[in-house]
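**Q** Chains as they are written, first to last, in numbering that gives the first Met the number 0: chain A, 0 to 160; chain B, 0 to 284.
C-beta: ideal position from N, C-alpha, C; glycine also.
Please see the structure below; I have some questions.
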Amino acid sequence: MTALRTTLTVNGRPYDLDVEPRRTLADALREDCGLTGTHLGCEHGVCGACTVLVDGQAVRSCLLFAVQCTDAEIRTVEGLADGAEHPLQTAFSAEHALQCGFCTPGFLMLAVGALEKDPGVVRDAERLRELLTSNLCRCTGYEAIRRAVVAAAGDRPAGED
Amino acid sequence: MKPAPFEYVAARSADDVVAALADGRTEVLAGGQSLVLEMNYRTRRPARLVDINRVPGFDTVEAIGDTVRIGPLVRHQAFESGAVPGQLGALLHRVVRHIAHPPIRTRGTMLGSLAYAHPAAEWPAVITALGAELDLVGAGGRRTVAAGDFFLAPFRTARRPDELLAEVRLPVLPAGTVIGFAEHRRTHASFAQLAVIAAVTLADGRVSSASIGLVNAADRPVRARAAEAALLGRPLDDPAVAAAARAAAEQDADPGPQPYTDLAYQRHTVAVLTRRALDQARTEG
Ligand SMILES: Cc1cc2nc3c(=O)[nH]c(=O)nc-3n(C[C@H](O)[C@H](O)[C@H](O)COP(=O)(O)OP(=O)(O)OC[C@H]3O[C@@H](n4cnc5c(N)ncnc54)[C@H](O)[C@@H]3O)c2cc1C
Ligand code: FES
Ligand code: FES
Numbered sequence: 000m001t002a003l004r005t006t007l008t009v010n011g012r013p014y015d016l017d018v019e020p021r022r023t024l025a026d027a028l029r030e031d032c033g034l035t036g037t038h039l040g041c042e043h044g045v046c047g048a049c050t051v052l053v054d055g056q057a058v059r060s061c062l063l064f065a066v067q068c069t070d071a072e073i074r075t076v077e078g079l080a081d082g083a084e085h086p087l088q089t090a091f092s093a094e095h096a097l098q099c100g101f102c103t104p105g106f107l108m109l110a111v112g113a114l115e116k117d118p119g120v121v122r123d124a125e126r127l128r129e130l131l132t133s134n135l136c137r138c139t140g141y142e143a144i145r146r147a148v149v150a151a152a153g154d155r156p157a158g159e160d
Numbered sequence: 000m001k002p003a004p005f006e007y008v009a010a011r012s013a014d015d016v017v018a019a020l021a022d023g024r025t026e027v028l029a030g031g032q033s034l035v036l037e038m039n040y041r042t043r044r045p046a047r048l049v050d051i052n053r054v055p056g057f058d059t060v061e062a063i064g065d066t067v068r069i070g071p072l073v074r075h076q077a078f079e080s081g082a083v084p085g086q087l088g089a090l091l092h093r094v095v096r097h098i099a100h101p102p103i104r105t106r107g108t109m110l111g112s113l114a115y116a117h118p119a120a121e122w123p124a125v126i127t128a129l130g131a132e133l134d135l136v137g138a139g140g141r142r143t144v145a146a147g148d149f150f151l152a153p154f155r156t157a158r159r160p161d162e163l164l165a166e167v168r169l170p171v172l173p174a175g176t177v178i179g180f181a182e183h184r185r186t187h188a189s190f191a192q193l194a195v196i197a198a199v200t201l202a203d204g205r206v207s208s209a210s211i212g213l214v215n216a217a218d219r220p221v222r223a224r225a226a227e228a229a230l231l232g233r234p235l236d237d238p239a240v241a242a243a244a245r246a247a248a249e250q251d252a253d254p255g256p257q258p259y260t261d262l263a264y265q266r267h268t269v270a271v272l273t274r275r276a277l278d279q280a281r282t283e284g
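Okay, structure coming up:
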């Protein structure tokens, strides 16, 4: 099958790739761009480990083809720390919101997307819970993750209740 | 797993899509939230995909007179952010919160869900209950199909392989309509086991019309005509709600074997959910 020339813009940097149409965005990021921070769990939309931002929206990168993403602004976990840690990264660390870390990049991108769109999401317990049910974590339980997202939204200093 | 190889075309117009579908081995790629997952499993191996994500105008929601037109690229998320006004919009909003998760709803589309026809999907039962119409466009031209004739079986519809599902038209709900939605599922993240949609119009305190839809209660979405008939002309009170719930469970539902449940349980659940949906309609509007 012939490869198609595709330019992905990831964390502000262009990557010129020749990819088969069947290459998912997740695989293109990991295998072709070398950005292995985006993880793959289920490859069928359930776990959310592969969550990245495409034009500001959190999406499952396992359910999108790379060739669909030309002209899009893609953001992955590698782009979060800008010199210093992103406030969400600090909060995840302070709140012990990860153990093995497998799900963490997906949760970070899910939360970054939601907070950038509407920081008020943390003040609506039901909406925040619904948001966090999008992704699966097999280690920590979700309470620490919830606290970290609330802390990162600036509502409460990380590490304090 | 990874998808099998396929060819890819990005359509720029409805004509591009129809032309691409004419070869009989091409499938539409809309939100990809069901298709790509099946391709990852290799339960689907389309030879070619025509991507409709860049077709201008496909994402429009338009109110024309008493109907609302929904295009092929209107994502689930649009119904959360008030794309459709009035009680119809309120009903779609109540339903959409039960479809998958926020990151799936930013990509998945209403028409993709209709074309896919998953037996436990919410939208097919919504459009069946409301008596919507669908427009299909293929090389042979454009035709209109009533929602009640569109769904044939799980994952089977009246759409021919070379046809684009071009729009669905939903009737606006008349003044005095109250709405309800109740769903049962095993975990927050799973598909519905069963769900009931209700839109009941009251005039002078009595039911003048009712639309009740059942999700996953038969081999296709059900318009619960017996339950609707049980309400007509009566006040929406406890006895009427109980009669409708009984009719939905005993006459309208036609459940088949399902994992985790037996038939009696499914009928019982239909009755409970019908009552809950109608209770929600009369208390919350
Ligand atoms: C984790 C997860 C949970 C989910 N939970 C739910 C849920 O609770 N309830 C629910 O209803 N859905 C659920 N879904 C499915 C989701 O709603 C999908 O968005 C939907 O089923 C398909 O829409 P799509 O736009 O993604 O279509 P695609 O996946 O792009 O397409 C699906 C099928 O329809 C065809 N098609 C799509 N659009 C058209 C068109 N305009 N004309 C002709 N053919 C077309 C495609 O060729 C394909 O065969 C879930 C999905 C995931 C991954
Ligand atoms: S790997 Fe994409 S959702 Fe699990
Ligand atoms: S920290 Fe291990 S899966 Fe979430």
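Have a look at the DSSP bridge pairing and note the partners of residue 212 of chain B.
**A** B:196, B:222, per the DSSP bridge assignment.
**Q** Going by C-alpha distance, which of B:1, B:36, B:7 is nearest residue 2 of chain A?
**A** The shortest Cα separation from residue 2 of chain A among B:1, B:36, B:7 belongs to B:7.
**Q** Which chain A residues sit within Cβ distance under 7 Å of residue 100 of chain B?
**A** Those within 7 Å of residue 100 of chain B in chain A are 132, 133.
**Q** Measuring CB atoms only, is the region 151 to 170 of chain B touching the region 61 to 68 of chain B, in the sense that at least three cross pairs come out at less than 8 Å?
**A** Output reads yes: the region 61 to 68 of chain B touches the region 151 to 170 of chain B.
**Q** According to DSSP, is residue 76 of chain B part of a helix, a strand, or is it coil?
**A** In this structure, residue 76 of chain B counts as helix in the three-state DSSP scheme.
**Q** When DSSP labels each residue in this structure, what does residue 171 of chain B get in the three-state scheme?
**A** Residue 171 of chain B: coil per DSSP, three-state reduction.
**Q** Sort out for me which residues DSSP pairs residue 59 of chain A with in a bridge.
**A** BP columns for residue 59 of chain A point to A:50.
**Q** Excluding the 5 residues flanking residue 148 of chain B on each side, which residues of the same chain have their C-beta closer than 8 Å to its C-beta?
**A** Excluding sequence neighbours, residue 148 of chain B sits near 157.
**Q** Given 8 Å as the limit, is there contact between the region 23 to 30 of chain B and the region 101 to 108 of chain B, that is, 3 or more CB pairs closer than that?
**A** Contact holds: three or more Cβ-Cβ distances are below 8 Å.
**Q** Chain A beta carbons: is any one of them nearer than 8 Å to that of residue 117 of chain B?
**A** No, residue 117 of chain B does not count as interfacial toward chain A.
**Q** Please find out if some non-hydrogen atom of ligand 2 comes closer than 7 Å to the beta-carbon of residue 45 of chain A.
**A** Yes, the beta carbon of residue 45 of chain A sits closer than 7 Å to at least one heavy atom of ligand 2.
**Q** Rounded to a whole number of angstroms, what is the C-alpha to C-alpha distance between residue 58 of chain A and residue 126 of chain B?
**A** Those two C-alpha atoms are separated by around 27 Å.
**Q** Establish whether the CB of residue 38 of chain A and some CB of chain B are separated by less than 8 Å.
**A** No, residue 38 of chain A lies away from the interface with chain B (no Cβ there is under 8 Å from its Cβ).
**Q** Listed from N- to C-terminal order along the chain, which residues in the region 57 to 83 of chain A have their beta-carbon within a distance smaller than 8 Å of any beta-carbon of chain B?
**A** Under the 8 Å Cβ criterion, the region 57 to 83 of chain A contributes 57, 58, 59, 61, 62, 63, 64, 66, 67.
**Q** For residue 59 of chain B, which residues of its own chain have a beta-carbon under 6 Å away from its beta-carbon, when the five flanking residues on both sides are left out?
**A** Cβ within range, chain order: 70.
**Q** Can you list, in chain order, the residues of its chain with a C-beta nearer than 7 Å to that of residue 219 of chain B? Leave out the 5 residues immediately preceding and following it.
**A** Answer for residue 219 of chain B: 150, 151, 152, listed in chain order.
**Q** In terms of residues, what are the limits of the alpha helix (DSSP H) holding residue 148 of chain A?
**A** Start and end: 142 to 151.
**Q** Give me the chain B residues within the contact set of residue 16 of chain A, using Cβ-Cβ distance strictly less than 7 Å, ordered along the chain.
**A** Per Cβ cutoff of 7 Å: no residues; residue 16 of chain A is ~14 Å from chain B at best.
**Q** Nearest chain A C-beta to residue 19 of chain B closer than 8 Å, yes or no?
**A** For residue 19 of chain B, the answer is no, since every Cβ of chain A falls outside 8 Å of its Cβ.
**Q** As an exercise, report each continuous beta strand (DSSP E) stretch of at least 3 residues that is fully enclosed by the region 3 to 66 of chain B, in chain order.
**A** Here the runs fully enclosed are 6 to 9, 25 to 28, 47 to 50, 60 to 63.
**Q** With DSSP collapsed to three states, give me the class of residue 141 of chain B.
**A** Note: residue 141 of chain B maps to strand in three-state DSSP.
**Q** Any chance the CB of residue 42 of chain A is under 7 Å from a heavy atom of ligand 2?
**A** Yes, the beta carbon of residue 42 of chain A sits closer than 7 Å to at least one heavy atom of ligand 2.
**Q** So which residues put a beta carbon under 7 Å from any heavy atom of ligand 3, going in chain order?
**A** In chain order, the qualifying residues are A:97, A:98, A:99, A:100, A:101, A:102, A:103, A:136, A:137, A:138, A:139.
**Q** Pick from B:13, B:10, B:4, B:0: whose alpha carbon is nearest that of residue 40 of chain A?
**A** The candidate whose alpha carbon is nearest that of residue 40 of chain A is B:0.
**Q** For residue 116 of chain B, which option in B:217, B:252, B:21 has the closest C-alpha, if you only look at C-alpha atoms?
**A** Cα-wise, what sits closest to residue 116 of chain B is B:217.
**Q** Look at the alpha carbon of residue 61 of chain B and the alpha carbon of residue 60 of chain A, and state the distance between them as a whole number of angstroms.
**A** Spanning the two alpha carbons is a distance of roughly 30 Å.
**Q** Should residue 43 of chain A be flagged as near chain B, meaning a C-beta pair shorter than 8 Å?
**A** So yes, residue 43 of chain A belongs to the interface.
**Q** Pick from B:253, B:124, B:197: whose alpha carbon is nearest that of residue 89 of chain B?
**A** Ranking B:253, B:124, B:197 by Cα distance to residue 89 of chain B puts B:197 first.
**Q** Would you mind listing the alpha helix (DSSP H) stretches within the region 98 to 150 of chain B that are 4+ residues and don't spill past its ends, in chain order?
**A** Whole alpha helix (DSSP H) segments, 4+ residues: 101 to 104, 109 to 115, 121 to 129, 146 to 149.
**Q** What is the rounded straight-line gap between the Cα of residue 36 of chain B and the Cα of residue 67 of chain A?
**A** Those two C-alpha atoms are separated by around 16 Å.
**Q** Got a sec? Which residues, its chain only, sit under 7 Å from residue 231 of chain B by beta carbon, not counting five neighbours each side?
**A** So the qualifying residues of the chain are 206, 209.
**Q** Under 8 Å Cβ to Cβ from residue 23 of chain B, same chain only, skipping five residues before and after it: list those, please.
**A** Answer for residue 23 of chain B: 160, 161, listed in chain order.
**Q** Straight-line CA distance for residue 194 of chain B to residue 38 of chain B?
**A** So the alpha carbons of these two residues sit roughly 28 Å apart.
**Q** Determine the closest residue to residue 274 of chain B out of B:42, B:183, B:104, with distance taken between C-alpha atoms.
**A** Closest by alpha carbon: B:183.
**Q** Would you check if the distance between the CB atom of residue 114 of chain A and the CB atom of residue 152 of chain A is smaller than 8 Å?
**A** Cβ distance < 8 Å, so residue 114 of chain A and residue 152 of chain A count as in contact.
**Q** Evaluate the contact criterion for the region 26 to 41 of chain A versus the region 89 to 108 of chain A: three or more CB pairs, one atom per stretch, below 8 Å.
**A** With a cut-off of 8 Å, the region 89 to 108 of chain A and the region 26 to 41 of chain A count as touching, because enough Cβ pairs lie within range.
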